[in-house]
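Heads up, the thing below is written out as structure tokens.
2 protein chains.
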Amino acid sequence: MVKLSDVAARAGVSPAAASRVLSGDSTVRVSEATRQRVMVAARELDYVPNHAARSLRTARTRTLALVVPDVTSAVFAELAGGAEAEAASRGLAIVLGRSERLREDGDWLRRLVGEGRIDGVILQLPDGTPPADLQSLVMQDTPIVVINSVDDGPVSTIVLDDAAGIRLALDHLRGLGHHDIGFIGGLPGSATGARREAAYRSAMDEAGLPVSGEWMTALGYAGTEGRAAAVELLERASVPTALVVANLNAALGVLAEIHARNLRVPADISIVAMHDVWYADATWPPITTVRMPLRELGAAAVAALVDDTAGVTHEVIASPAPQLVVRQSTAGPRE
Amino acid sequence: MVKLSDVAARAGVSPAAASRVLSGDSTVRVSEATRQRVMVAARELDYVPNHAARSLRTARTRTLALVVPDVTSAVFAELAGGAEAEAASRGLAIVLGRSERLREDGDWLRRLVGEGRIDGVILQLPDGTPPADLQSLVMQDTPIVVINSVDDGPVSTIVLDDAAGIRLALDHLRGLGHHDIGFIGGLPGSATGARREAAYRSAMDEAGLPVSGEWMTALGYAGTEGRAAAVELLERASVPTALVVANLNAALGVLAEIHARNLRVPADISIVAMHDVWYADATWPPITTVRMPLRELGAAAVAALVDDTAGVTHEVIASPAPQLVVRQSTAGPRE
DNA sequence: TTGCGATGATAAATCGATTTATCATAGGAT
DNA sequence: ATCCTATGATAAATCGATTTATCATCGCAA
Chain L
1 MVKLSDVAAR
11 AGVSPAAASR
21 VLSGDSTVRV
31 SEATRQRVMV
41 AARELDYVPN
51 HAARSLRTAR
61 TRTLALVVPD
71 VTSAVFAELA
81 GGAEAEAASR
91 GLAIVLGRSE
101 RLREDGDWLR
111 RLVGEGRIDG
121 VILQLPDGTP
131 PADLQSLVMQ
141 DTPIVVINSV
151 DDGPVSTIVL
161 DDAAGIRLAL
171 DHLRGLGHHD
181 IGFIGGLPGS
191 ATGARREAAY
201 RSAMDEAGLP
211 VSGEWMTALG
221 YAGTEGRAAA
231 VELLERASVP
241 TALVVANLNA
251 ALGVLAEIHA
261 RNLRVPADIS
271 IVAMHDVWYA
281 DATWPPITTV
291 RMPLRELGAA
301 AVAALVDDTA
311 GVTHEVIASP
321 APQLVVRQST
331 AGPRE
Chain D
1 MVKLSDVAAR
11 AGVSPAAASR
21 VLSGDSTVRV
31 SEATRQRVMV
41 AARELDYVPN
51 HAARSLRTAR
61 TRTLALVVPD
71 VTSAVFAELA
81 GGAEAEAASR
91 GLAIVLGRSE
101 RLREDGDWLR
111 RLVGEGRIDG
121 VILQLPDGTP
131 PADLQSLVMQ
141 DTPIVVINSV
151 DDGPVSTIVL
161 DDAAGIRLAL
171 DHLRGLGHHD
181 IGFIGGLPGS
191 ATGARREAAY
201 RSAMDEAGLP
211 VSGEWMTALG
221 YAGTEGRAAA
231 VELLERASVP
241 TALVVANLNA
251 ALGVLAEIHA
261 RNLRVPADIS
271 IVAMHDVWYA
281 DATWPPITTV
291 RMPLRELGAA
301 AVAALVDDTA
311 GVTHEVIASP
321 APQLVVRQST
331 AGPRE
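Residue numbers (the working numbering), protein chains in the order written: chain L, 1 to 335; chain D, 1 to 335.
As structure tokens, then:
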């Protein structure tokens, strides 16, 4: 490998000078001629700075970890895209991690940080993690931003405007004439779940619609959990004419169960799901969704971590506002 | 941060001795008493070795990159799980990367390696990448294993036994009485696509069934591409009674298009898809799939990269054999 | 002519772990 | 008593980039 001293030698300058030129140090004093010679030498030799040496010296890696419960989940691609774009524009790298590993190996994050591999962590807690567990996951002084889950506490957090999303879904269904609207939510322990459920309750209240405990479930965001929720709901004595599902994955399960019972969507029951992903358009019928600003969430998380000015902050991504994507899973109630 | 010399000081030994003890150097000569003192000191101080310093000195990072076209894809979770488990058992770390970045920034991988951030790369080429492009992506001497795509050439490769998987799907459909079986494949440029198509052709030939160019498409593995393929196929003069779809994502699109045309699965047309993922069970009807040994593929890739003995190798994961998961998208032909 | 500030560049220390080359000391053999 | 060999441990070099402290040199003012 070509190293800095090789470049310096070829340019006929000291490593010190070469270093300053190449790292774009603005306070440096070098003649334009030398600067050019260094740049040329670096290019000719295909110089790439050694990351270990640099970060040993500077004690920073210019690398952030983005740790999420499930990289294969719907919400993830956009989130990662937003985070990576923002990171790239700031000259940072991002490494992906699956937070399932936190369950298997509780020290994983602490070790990652302790080894000095990363400068900070963007963490989405596994669904259903009690907020209290957060404490034990990270060291006191690790720069960390928790996204998409808790919205207060001793570390910085950023969340989506879940309430606005839920309200949008409800408004759509009410606009179609629905009164009996059920809610299929996340795990009761999780903070997102609680927020979305609260939003559902308050929006229903505002509209003067009945909120029945019978029409609410809290089994989780995964497809199988959504299906289990549908089973529970559809076996009640009375069944709502429309459902708000807090996650598109769960909605797939709901759809499967509805089909299995020979009911029809939207004729018998309408469905709106949170998060707009490609396969919302590939189900039958295609699912009406609420598109949330995930990309902006990712970018904001990077920004919050780097512009670590004000200590602990709690942010809500309000813009762009959630957006309804109408497909074919919603229609007016039957009667 | 606690460093090695702190541990050494507390244990009353030199950093040299502490280093050997902690890194488990078996050739070391230290008394049992000293070893204990070092271990205790390290534990008491919560010592974590600095990664930058270590890898600067040793010129290795004990980290591999796993780069795939789409981390949110069906096949990925298992693949990553297998790779991570194998890596963990060897004391290696894995960082995830999205190979879409290769398109945006062709130097990305080269830089990653050049900076010395990783010791090797497990790479799945973006679908449809001409194998020739591989050359330009990596440096001559980067340890690399290409998975799931090309199966020969100047770098080591590992592939699934696509032929066996396709054959299994065809056998199932033939067993149900189908003769007219279509094939919805990957992009024509891609090596996987070519392999699976070849397998389809030869298995059909062996069974003495007609292979019609009209019943084959090669538009890609994504959901929308599967749907486009279905459009193409269903507008032919004659339509097959069953379809083998080379990827479950594409199968979702196929299913959507079939529904949109008011055809019924499996009454009008049967479907088998490659790769078994949770949502195969959440579609309507649930899709019959072929489960491929993805976990083993991931593990084998790590092993191949690390046990870099024989130079370039070309491996096929034959065990466990592909496995048919029968659901409700297949039945006998109508008439 | 001497002195001083600005300018351009460099020597050398530093980051923390690993490893090579050495060094004591004790015990055994001659 | 002397020499030699294990044994246990350490000093110091090293990895490559960054940065602090220093050093020449030139131009200009006193």
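Built from N, CA and C at the ideal position, the CB exists for glycine as well.
Residues of chain D with a CB under 8 angstroms from the CB of residue i: which are they?
i, result
"L/N50", "L56, E115 and G116"
Measure the C-alpha to C-alpha separation of residue i and residue j and round it to an integer number of angstroms.
i, j, result
"L/R62", "L/S23", "13 angstroms"
"L/A163", "L/G185", "13 angstroms"
"D/R98", "D/N148", "15 angstroms"
"D/A77", "L/L112", "22 angstroms"
"D/Q124", "D/L294", "13 angstroms"
"D/P188", "L/H314", "49 angstroms"
"D/L168", "D/Y279", "21 angstroms"
"D/L102", "D/V150", "17 angstroms"
"L/A42", "D/D133", "26 angstroms"
"L/H172", "L/P126", "30 angstroms"
"L/T27", "L/L56", "22 angstroms"
"D/L170", "D/A242", "9 angstroms"
"D/V211", "L/R236", "51 angstroms"
"D/T58", "D/P15", "16 angstroms"
List, in order along the chain, the chain L residues whose C-beta lies closer than 7 angstroms to that of residue i?
i, result
"D/L305", "Correct list: empty, because the minimum Cβ distance to chain L is about 18 angstroms."
"D/A259", "Here the sequence assigns His to residue 259 of chain D, which means Ala is not the residue at that position. The contacting residues are W284."
"D/R43", "Correct list: empty, because the minimum Cβ distance to chain L is about 13 angstroms."
"D/A77", "T72"
"D/A53", "L56"
Closer than 6 angstroms by C-beta to residue i: which residues in its own chain qualify, once you throw out the five before and the five after it? Chain order, please.
i, result
"L/A93", "T63"
"L/A87", "I94 and V302"
"D/F183", "Y200, M216 and V244"
"D/D276", "T289, R291 and V325"
"D/L252", "G223"
"D/A273", "V245, L248, A251, I287 and T289"
"D/E232", "T217"
Looking only at its own chain, which residues have a Cβ that is under 7 angstroms from the Cβ of residue i, when we skip the five neighbours before and after it?
i, result
"L/N249", "S73, A74, Y221, A222, G223 and G226"
"L/I166", "R196, A199, Y200, A203 and V244"
"L/A83", "L66, I94, I122, G298, A299, A301 and V302"
"D/A18", "L4, V7, A8, A11 and V38"
"L/V71", "L96 and R98"
"D/A228", "L219"
"L/L209", "H179 and I181"
"D/V265", "L255, I258, I271, P285 and S329"
"D/L174", "Going by the sequence as given, residue 174 of chain D is Arg instead of Leu. Closer than 7 angstroms at the Cβ level, and outside the excluded window around D/R174, lie A207."
"D/R35", "V21"
"D/R60", "D119"
Could you name the residues of chain L that residue i contacts, counting a contact when the two beta carbons are closer than 9 angstroms?
i, result
"D/G223", "W278, Y279, D281 and A282"
Mind pulling the chain L residues with CB within less than 8 angstroms of residue i?
i, result
"D/R327", "Chain L residues near D/R327: none, gap ~11 angstroms exceeds 8 angstroms."
Quick one: measure Cβ to Cβ for residue i and residue j, integer angstroms, because I've assumed they're closer than 8 angstroms.
i, j, result
"L/P286", "L/Q323", "Not quite, the Cβ-Cβ distance comes to about 16 angstroms (not below 8 angstroms), so this is no contact."
"L/L255", "D/W108", "38 angstroms between Cβ atoms; not a contact."
"D/P333", "D/G177", "6 angstroms"
"L/I317", "L/L160", "5 angstroms"
Using C-beta distances below 8 angstroms, list every residue in its chain close to residue i, excluding the 5 sequence neighbours before and after it, in chain order.
i, result
"D/P143", "D119, G120, V121, L305 and D308"
"D/S105", "Strictly speaking, residue 105 of chain D in this sequence is Asp, with Ser absent from that position. Nothing meets the Cβ criterion."
"D/E44", "R10"
"D/M1", "V48 and N50"
"D/T129", "S149, G189 and S190"
"D/V40", "A11"
Along chain D, in chain order, which residues have C-beta atoms closer than 9 angstroms to that of residue i?
i, result
"L/R227", "D281 and A282"
"L/L96", "V71, V95, L96, G97 and R98"
message: By the 7 angstroms beta-carbon criterion, what residues does the segment 243 to 257 of chain L contribute toward chain D?
response: L252, G253, L255 and A256
query: Name the residues in the segment 120 to 132 of chain L whose C-beta lies less than 8 angstroms from a C-beta of chain D; which are they?
result: none
- request: Could you list the residues in the segment 99 to 115 of chain D with a C-beta less than 7 angstroms from some C-beta on chain L, going in chain order?
  value: R111, G114 and E115
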